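For reference, the structure is listed below as structure tokens.
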Amino acid sequence: MEPAARPAVPGHGDLPLPTAGVTVTAALLAAQEDRFARLDRVLPPAPSPDPGEVINAALPDGTRVAAVVTHRTTTPGMPSWLWSAADTYELQPLVGHTGAAGMDAVLRAFRQWLDRVGDRGPDTAVTAVWPSRDVDCTRVFLDHGLHPLTITGVRAPTTVRAPSLTVTVRPALASDEEAVVELAMAEVRYSAKVGAAILRAESERTRRAAMAGRLGMTDDVWVAERDGVVIGLAETAVIANTPGTRSARQLPTGLWGYVNCLSVLPGARGAGIGQQLMAVVHNHFAGHRTVGYFLHYNPPNPLSSVFWPRQGYRPLWTQWEVRPAGALR
Numbered sequence: 079m080e081p082a083a084r085p086a087v088p089g090h091g092d093l094p095l096p097t098a099g100v101t102v103t104a105a106l107l108a109a110q111e112d113r114f115a116r117l118d119r120v121l122p123p124a125p126s127p128d129p130g131e132v133i134n135a136a137l138p139d140g141t142r143v144a145a146v147v148t149h150r151t152t153t154p155g156m157p158s159w160l161w162s163a164a165d166t167y168e169l170q171p172l173v174g175h176t177g178a179a180g181m182d183a184v185l186r187a188f189r190q191w192l193d194r195v196g197d198r199g200p201d202t203a204v205t206a207v208w209p210s211r212d213v214d215c216t217r218v219f220l221d222h223g224l225h226p227l228t229i230t231g232v233r234a235p236t237t238v239r240a241p242s243l244t245v246t247v248r249p250a251l252a253s254d255e256e257a258v259v260e261l262a263m264a265e266v267r268y269s270a271k272v273g274a275a276i277l278r279a280e281s282e283r284t285r286r287a288a289m290a291g292r293l294g295m296t297d298d299v300w301v302a303e304r305d306g307v308v309i310g311l312a313e314t315a316v317i318a319n320t321p322g323t324r325s326a327r328q329l330p331t332g333l334w335g336y337v338n339c340l341s342v343l344p345g346a347r348g349a350g351i352g353q354q355l356m357a358v359v360h361n362h363f364a365g366h367r368t369v370g371y372f373l374h375y376n377p378p379n380p381l382s383s384v385f386w387p388r389q390g391y392r393p394l395w396t397q398w399e400v401r402p403a404g405a406l407r
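Plus 78 on top of the position in the sequence shown (first one is 1) and you've got the numbering used here.
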């Protein structure tokens, strides 16, 4: 698992919407919410965009669409430093019912906005998170040079009949730290070749810090052990998704099981160890009466893109991305 998305207003920076723009945006958001509901019943109501700069565009018939651009900066020490560019421009489209035509207009306007802002260098990215089942917009994202780098996958909260265990699956102990960090780094190195992860000088230190205080103290880090050697890792959590939380933008409210990282040592892959780990984790989630399970994986990853659908996960959101930001077409 990896991990875990304007003719424009002049200038740049965070700008408030003009009064007329507020009305247009509210109408677009309501129409977009209706479109999302028709696309996928699991999607929560379309979220209001985060604060940022407003981009406006128009279709040939005069229909207006918009987007909000949020500039996010990531620095060493932040968990997202391992899978995010240092500077990310997140595009939050507001295209209502206009589908592909509206998305194309927004992306063309955004390209003009980027030209005025200027390319910020190689460690930059443009992202847009959009419902995976909106296939009308898929072609548009591809035509503008964006790639489907990350999928948010969801699964129903069902128990699993555990396969015959060839390993011991147990909560990680403090004494497992070195083995856990090694497995976490194996995942980062692999994901950096096939997805959104970035192998940085601070990667190991960041992953080690993420585990600090959790091993032996919680039941959300699991290991698979064979003949006394730890060969598999599942880093998980049970998350209360309530209104106002970041996850509420992508998931219905309720208690969710989350898989942050699944890793098996290269020499032990292909023997069903990941499946055995996830059977234990899924049954653990079910014991918490979760409403569902979710995770993030990279479609270009030849292992994850096969493994997670077999585990019952299906795409809900796709994060489209292009690096550097100036490569947007």
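Glycine residues also receive a C-beta, built at the ideal position from the N, C-alpha and C atoms.
Since this is a predicted model, take the numbers as computed values, not measurements.
When DSSP states are grouped into helix, strand and coil, His362 belongs to the helix group. Assignment of Arg239 by DSSP, reduced to helix, strand and coil, places it in the coil class.
Boundaries around Gly177 are those of the alpha helix (DSSP H), 177-195, since no beta strand (DSSP E) includes it. Shown here for Leu329: same chain residues with a beta carbon closer than 7 Å to its own, the five before and five after excluded, namely Pro122, Asn319, Phe372 in chain order.
Per DSSP, Pro387 is one residue of the alpha helix (DSSP H) stretching across 382-388.
Per DSSP, reduced to three states, the secondary structure at Thr396 is strand. Membership of Thr216 in the alpha helix (DSSP H) is indicated by the continuous run 213-221. Given a length threshold of 3 residues, each whole run of the beta strand (DSSP E) inside the stretch 224-303 is given here in chain order: 225-233, 246-249. Contact between Val218 and Val258 is ruled out by a C-beta separation of about 41 Å, above the 8 Å threshold.
Residue burial is scored here from C-beta neighbours: Asp297 has fewer than 16 other C-beta atoms within 10 angstroms and is therefore classed as exposed.
Here Ala357 is buried, its C-beta having at least 16 other C-beta atoms within 10 Å.
Taking a 10 Å sphere around the C-beta of Thr230, we find 16 or more other C-beta atoms and assign the residue as buried.
Annotated three-state conformation of Thr368 is coil, per DSSP. One alpha carbon belongs to Gly348, the other to Gly310, and they sit about 12 Å apart. Only residues of its own chain outside the window of five on either side were considered, and among them Ile229, Pro393, Leu394, Trp395, Thr396 have a CB closer than 7 Å to the CB of Ser210, listed in chain order. When DSSP reads this structure, Leu333 sits in a beta bridge with Ala318. Your pair Val207 and Asn379 does not check out as a contact, with CB atoms roughly 18 Å apart and the cut at 8 Å. Per the coordinates, the alpha-carbon of Ala145 lies some 17 Å from the alpha-carbon of Asp193.
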